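What follows is a set of notes on a single structure, which appears directly below.
Protein chains in written order, with the working numbering: chain A, 1 to 507; chain B, 1 to 159; chain C, 1 to 227; chain D, 1 to 158.
What follows is the structure, encoded as structure tokens:
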């Protein structure tokens, strides 16, 4: 890789630790910066460096394969190690990139949504959330996952509650999220405790080795697996455990909603993959059963049920939130079929959906910023009053439906083919049906935006009022990204296939 | 309903109903703080460490606030200090890690800090425990200040 | 019967068993009392008692550092925080009818049954050869004596071997402080908010309140809110 | 044999965990839910510490070998068992020929971290409760939901 030549050597070796140390320390410093502009600039620079670091890590990983970084110089299993492999490198890039894009967008958005004296702590909490998500992605230690899960969760609760300046329901949404999130994290800790009881170690690779020696382990390991799946299921909004999600996405500040929708559930999904296929193994009967019946079952029910709920929402942010639950169903379906192709398709959808949903939330936030729009009926005439914003929303929306030459199309088609190959023909039908449901809930917005007349205020038609450049750039970057992924899909498909091969072995 | 910020130390006749409490607290609070530092620096040898010491140190300030009023406590331990203290602790901890970076080891590998690995570990543990102490103390006081400064909406008769 | 057998087991002594059983029984009593309790003051106090009894139990299980922390945090700081939050909120919780607790009961019974299912395969209490006690955890004792050379193994593991976890812990505490500052402010004025969605000015007093809650606004504020 | 006793702790701890979880799910009062969450988390700590116990062990604070070995008062049970670390550290370690046993320190460390996380969550939850009380004038979930329902209707009316 020629790009790697521009990066200093220490960054390649210490990259994973740097990725964690930088945002954590800078979050502390950002919190006390007196000037809100300086706080934004510091966050911007940090996320930019994070993005560069993440790309370095991913490229370096593609070159040399799995790397292990021993925190504190203590080798695993005694110390905590950071592991970079084909499975988490793309997720790291995704989180870093999304934080960078969101920070650009946050400059105008926070002006409208966050009080001036709270902006520096707000950016600090945002950095903590980013660091927490990165931390739970890079770590190779099961208990360390919990610690960084909580770093990201606690800052997320606060970030969601910051939406109270705009809508007081943000407070109760944040409280619900806190209760369910803490229960999820505690279930996860119970699972880790049982696994520790069974294996005597906390290092994931070591756990995997010992569990394989025990041939899946005793009933303790089975229960541990169940608790880990439920705990992560709460975090990733698996269908019946998703009740915190609509409120948290709908009432949080717009940059936060976009960032959460694109990263928080994705990091939890990554962990589910890591535990299901790496620590445990689908060759254990109980894991196979959970994959086949629980994950697929809940995924499919969630796809249909949440899509239907999305159709009946009046608030567009709640609609997108329910749509997220439905999309998580796609990923669970891919994971549950448990062939290399299907896991790759589910993983690909994880990445693509992050791009798509972030684009939608950013565009929607810009509409709120200019016109205070959150409801579906207010979309009338947006094609004329905010053409560029609506354009980005349209591209991302079409991608969500799965129109050809978009990111959503690539992952859905891959998933459908994988399901077909595995003989799950009914799953292909479900994918078609939910795509049609997505067409309904996105389509009605597009119709009213492009064919409805702009509303009149005091007898004059509302004039064109485009979003500021700092909002347009991020949302168009994401909209274009979903088109580029749709047309030139090889890079991401390759990355997803490598990840799936790492988990399931080639073939 | 009294505002905790302006609760007078004595009533208008100069009678202090809590004089005994105040005298004993004045005697106890330094001892509690001293005990916190004992817990901090004895953490290598017995139970204790930065976290426990931080909570105990914060408890001494909280006791001060309970007995002498929040306004007095804020004079003794100003809120501005708290925001810097929280940050300082994280920087102490993370900075130790970064220093290990610069000295050529891994993040948080204290072995390079001293003349040999064991001495380095001792210095490193001392430094990070101080970081823990700083953050925990200030955050605990911050949380107490935050709750204590709010106006209660339910009056005492609701009990 | 089996208790006497256990008592005869040379590795367990009668006081240890009695202490263990009575402390656990106390915990169960406190937890069940918490379920029934409606006075929030009582709930907060029982929660503190629960932490304190747990701390005592931790001592009997050799976890002195944990006991110290649990006593300082669970029984101390947590109780103070819950009390001060309760003073700002309510004194009583309204009872929930039994039929609405049925779902909760089902979830809890299912989760509990799952864990009880695993109990049979769990290593015996105090087993020195259980996987957990025979592998990584115990290595730290020898490693600490050699590589760190401080007597308190817990401190050594906390600050050095798992120092990265502890860094995360400091950050968690930092983010809690940051969050409370963002939500409440240090000087008690952060609960006031105002916003202008849809060009309509609203603030925390003018936002519609629960129909059942008593309206604490003055007539001026009402007029201001409706204007 | 002592089967009942050997699993007795686990059973009680599981009952305690589920009691805490039940309080969270069954109560509709925000503060009571948080108290339940706290009980739930504390009970998980009990589980970890139960795992760490070694019968006949002592707290994982290494006993120092003072050089005058076995005849020191109170150290009688260590008679003839002193082992020094390979690296020259003078601590009494468990091992062959040693009577000294320490309980497993690793779960203790994990739970120290978890306690901190628990109090952090609790403080954020309480701060949210206080804000909710200020805005909604109630901390009963049913009343908050009713208020939000009214708010939704009023919101769509304009």
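Every residue, glycine too, gets a C-beta built ideally from N, C-alpha and C.
Quantities reported herein were computed from a predicted structural model and do not represent experimental measurements.
Bridge partners of residue i, per DSSP?
i, result
"residue 141 of chain A", "A:203"
"residue 457 of chain A", "A:460"
"residue 83 of chain A", "A:68"
"residue 58 of chain D", "D:102"
"residue 375 of chain A", "A:315"
"residue 64 of chain D", "D:91"
"residue 39 of chain C", "C:92"
"residue 140 of chain D", "D:29"
"residue 112 of chain B", "Answer is none; residue 112 of chain B lacks a bridge partner."
"residue 152 of chain C", "D:61"
So is residue i in contact with chain A if we call contact Cβ pairs under 8 Å?
i, result
"residue 84 of chain B", "yes"
"residue 135 of chain D", "yes"
"residue 20 of chain C", "no"
"residue 111 of chain B", "yes"
"residue 97 of chain B", "yes"
So that I know if they touch, is there some Cβ in chain C lying closer than 8 Å to that of residue i?
i, result
"residue 144 of chain B", "yes"
"residue 29 of chain D", "yes"
"residue 92 of chain A", "no"
"residue 158 of chain B", "Caution applies to residue 158 of chain B, whose pLDDT of 44 falls short of 50 and renders its modelled position unreliable; the model cannot decide the point."
"residue 162 of chain A", "yes"
Any Cβ of chain D within less than 8 Å of the Cβ of residue i?
i, result
"residue 182 of chain A", "yes"
"residue 193 of chain A", "yes"
"residue 197 of chain A", "yes"
"residue 147 of chain B", "yes"
"residue 160 of chain C", "no"
"residue 279 of chain A", "no"
"residue 51 of chain B", "yes"
"residue 46 of chain B", "yes"
"residue 163 of chain C", "no"
Could you confirm whether any beta carbon from chain B is found closer than 8 Å to the beta carbon of residue i?
i, result
"residue 147 of chain D", "no"
"residue 147 of chain C", "yes"
"residue 159 of chain D", "Nothing can be reported for residue 159 of chain D, as the shown portion of chain D is limited to 1 through 158."
"residue 14 of chain A", "yes"
"residue 31 of chain A", "yes"
"residue 28 of chain A", "yes"
Note the first and the last residue of the continuous alpha helix (DSSP H) segment covering residue i.
i, result
"residue 512 of chain A", "A query on residue 512 of chain A cannot be resolved here, the shown segment of chain A reaching from 1 to 507 and no further."
"residue 493 of chain A", "490-504"
"residue 46 of chain B", "Run containing residue 46 of chain B: none; DSSP gives neither H nor E here."
"residue 414 of chain A", "407-421"
"residue 266 of chain A", "254-273"
"residue 119 of chain C", "102-119"
"residue 289 of chain A", "285-289"
"residue 122 of chain B", "117-148"
"residue 399 of chain A", "387-401"
**Item:** Whole runs of the alpha helix (DSSP H) within the stretch 81-136 of chain D, excluding any shorter than 4 residues
**Value:** 105-136
**Asked** Is there contact between the stretch 20-35 of chain B and the stretch 72-80 of chain B, where contact requires at least three CB pairs shorter than 8 Å?
**Response** no
**Prompt:** Using Cβ-Cβ distances below 9 Å, what residues of the stretch 42-73 of chain A are close to chain E?
**Reply:** Within the model displayed, chain E is absent; protein chains A, B, C and D are what it includes.
**Message:** Tell me whether the stretch 188-204 of chain A and the stretch 125-140 of chain C touch, counting them as touching only if at least three CB pairs, one residue from each stretch, are closer than 8 Å.
**Reply:** yes
**Message:** Is it the case that the stretch 333-341 of chain A contacts the stretch 291-302 of chain A, given that we only count it when at least three CB pairs across the two stretches are under 8 Å?
**Reply:** yes
**Asked** Of all the alpha helix (DSSP H) runs that stay within the bounds of the stretch 18-69 of chain A, which reach a length of 4 or more residues?
**Response** 36-64
**Message:** Pairs of beta-carbons, one from the stretch 84-100 of chain C and one from the stretch 28-42 of chain C, closer than 8 Å: are there three or more?
**Reply:** yes
**Prompt:** Does the pairing of the stretch 146-154 of chain C with the stretch 25-34 of chain D give three or more beta-carbon distances under 8 Å?
**Reply:** no
**Prompt:** Can you list the alpha helix (DSSP H) stretches of 4 or more residues lying completely in the stretch 156-181 of chain C, in chain order?
**Reply:** Taking only runs of at least 4 residues, no alpha helix (DSSP H) segment lies wholly in the stretch 156-181 of chain C.
**Message:** Contact between the stretch 235-243 of chain A and the stretch 50-68 of chain A is defined here as three or more beta-carbon pairs at a separation below 8 Å; is this criterion met?
**Reply:** no
**Asked** On the three-pair Cβ rule with 8 Å, is the stretch 80-87 of chain C touching the stretch 114-129 of chain D?
**Response** yes
**Prompt:** Between the stretch 78-86 of chain B and the stretch 96-107 of chain B, do three or more beta carbon pairs fall short of 8 Å?
**Reply:** no
**Prompt:** So does the stretch 156-163 of chain A actually touch the stretch 204-215 of chain A, counting three or more Cβ pairs closer than 8 Å?
**Reply:** no
**Prompt:** Are the stretch 89-97 of chain B and the stretch 114-132 of chain B touching, with three or more C-beta to C-beta distances below 8 Å?
**Reply:** yes
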